[in-house]
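The structure under discussion appears below in the form of structure tokens.
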Amino acid sequence: MSSTAGQTAAPRHKVISAGLTDVGRKRNHNEDSFLIDDELQLYVVADGMGGHAGGGTASRIAVETIDKELRRAREGRDNPFVSVPNLQESPIPEALRSAVEKACQAIFLTAQDDARLSGMGTTVISLVVRDEHAFFAHVGDSRAYLIRGDLIQQISEDHSLVNEQIKAGMITPEEAKHSRYKNIITRSVGFEEEVQVDVMGLVSEPGDVFLLCSDGLANMLEDREIHDTVARAPSLEEVPKHLIDLANERGGDDNISVIVVRMQAG
181 MSSTAGQTAA PRHKVISAGL TDVGRKRNHN EDSFLIDDEL QLYVVADGMG
231 GHAGGGTASR IAVETIDKEL RRAREGRDNP FVSVPNLQES PIPEALRSAV
281 EKACQAIFLT AQDDARLSGM GTTVISLVVR DEHAFFAHVG DSRAYLIRGD
331 LIQQISEDHS LVNEQIKAGM ITPEEAKHSR YKNIITRSVG FEEEVQVDVM
381 GLVSEPGDVF LLCSDGLANM LEDREIHDTV ARAPSLEEVP KHLIDLANER
431 GGDDNISVIV VRMQAG
């Protein structure tokens, strides 16, 4: 479906969002970046790698490029943000995939021009909300969760060595938490010029909370603890700090980034 620029219909569903990043207890610099673009209803967490300069640069380029590319797409002739009646026909997943691919190219080319940035890359977990539809694009081991009532479900699948080992039956999920290889990811944005991006979509319900986070949170807390922190917080705005404080109490081994997005009826 196509539309001329400027004819995007107003979203029918409201969202409330909050986000925060923290260096943690063990690192001396923060290589995470996050983006909250409530106008576009775009949310991104990126966990960079590649040293003091490289990791932070890669994650920053990722969030800035994804935002820029989707804004450019919205102004184009084939605007993906027009409302469509069902999940399967929406052009947003491909627009989101393309934006992450453009970020990959931008990071790779930047590294080619500066030897200090050689080998940098980043994870990306991104969410676009449009009406009752939620779309995700994902590379690496940063995560997206859905919290609905008493349930919490990880939506994304970790692109990590330990997850491959779990799927192959080599180790258990419990063993994966303590594996010396738990920080090795099998896909990243920008380490190579191209990357395979996982995209997915679902139909949300009023009251749903989507949580995006870097592994600095996911490695320190159980899913149920994440759920209970979200459920008990007096307001959504307080959730990111509560979760980061809890991860730091457990040791804060890595940078910690969290975005929470609550769906509300329009």
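Heads up: the sequence shown is residues 181 to 446, going by this note's numbering. From the three backbone atoms N, C-alpha and C, an ideal C-beta is built for every residue, glycine too. All figures in this text were calculated on a predicted structure; none of them were measured in a lab.
- Rounded to whole angstroms, the gap between the alpha carbons of Leu401 and Leu426 is 8 Å.
- Boundaries for Ala295: no beta strand (DSSP E) harbours it, and the DSSP string shows neither H nor E there.
- Only buried fits Arg323, as 16 or more other CB atoms lie within 10 angstroms of its CB.
- The alpha-carbon of Arg404 is positioned some 7 Å away from that of Ile332.
- Shortest Cα-Cα distance from Lys282 to any of Thr409, Val369, Asp293 involves Val369.
- The beta carbon of Ala291 lies closer than 6 Å to those of Leu297, Ser298, Met300 in the same chain, with the five residues before and after it left out.
- Counting along the chain, no alpha helix (DSSP H) covers Thr201; the unbroken beta strand (DSSP E) around it starts and ends at 194-202.
- Taken in chain order, the unbroken stretches of beta strand (DSSP E) that lie wholly in the region 252-310 and span 3 residues or more are 304-310.
- Residue range 341-347 is occupied by the alpha helix (DSSP H) that includes Val342, with no beta strand (DSSP E) assigned at that position.
- As summarised for the region 318-399, the continuous alpha helix (DSSP H) elements at least 4 residues long and confined to that stretch are 341-347, 353-357, 395-398, given in chain order.
- The count of Cβ pairs closer than 8 Å, one atom from the region 198-205 and one from the region 424-444, reaches three, so the stretches are in contact.
- With a 10 Å radius around the Cβ and a threshold of 16 neighbouring Cβ atoms, Leu276 comes out buried.
- With a 10 Å radius around the Cβ and a threshold of 16 neighbouring Cβ atoms, Thr237 comes out buried.
- Rounded to the nearest whole angstrom, the C-alpha separation of Ala411 and Ile287 is 37 Å.
- Annotation: Ile335 to Tyr325 spans about 5 Å, alpha carbon to alpha carbon.
- Note on geometry: alpha-carbon atoms of Gln376 and Ile196 lie some 30 Å from one another.
- Annotation for Arg412: the continuous alpha helix (DSSP H) segment containing it runs 403-412.
- If you check the CB distance, His407 and Ile327 come in under 9 Å.
- At a Cβ-Cβ threshold of 9 Å, Asp395 and Asp227 count as neighbours.
- Distance between Ser359 and Ala413, taken at the CA atoms: about 32 Å.
- Collapsing the DSSP output to three states places Ala226 in a strand.
- Listed in chain order, the non-local C-beta contacts of Ala356 below 8 Å within the same chain comprise Val342, Asn343, Gln345, Ile346, Lys362, local neighbours out to five positions each way being set aside.
- For Asp212, the secondary structure class from DSSP, reduced to helix, strand or coil, is strand.
- The continuous stretches of beta strand (DSSP E) do not include Gln221, and DSSP gives it neither H nor E.
- Annotated as distal: Ala317 and Ser384, with beta-carbon spacing of 9 Å or more.
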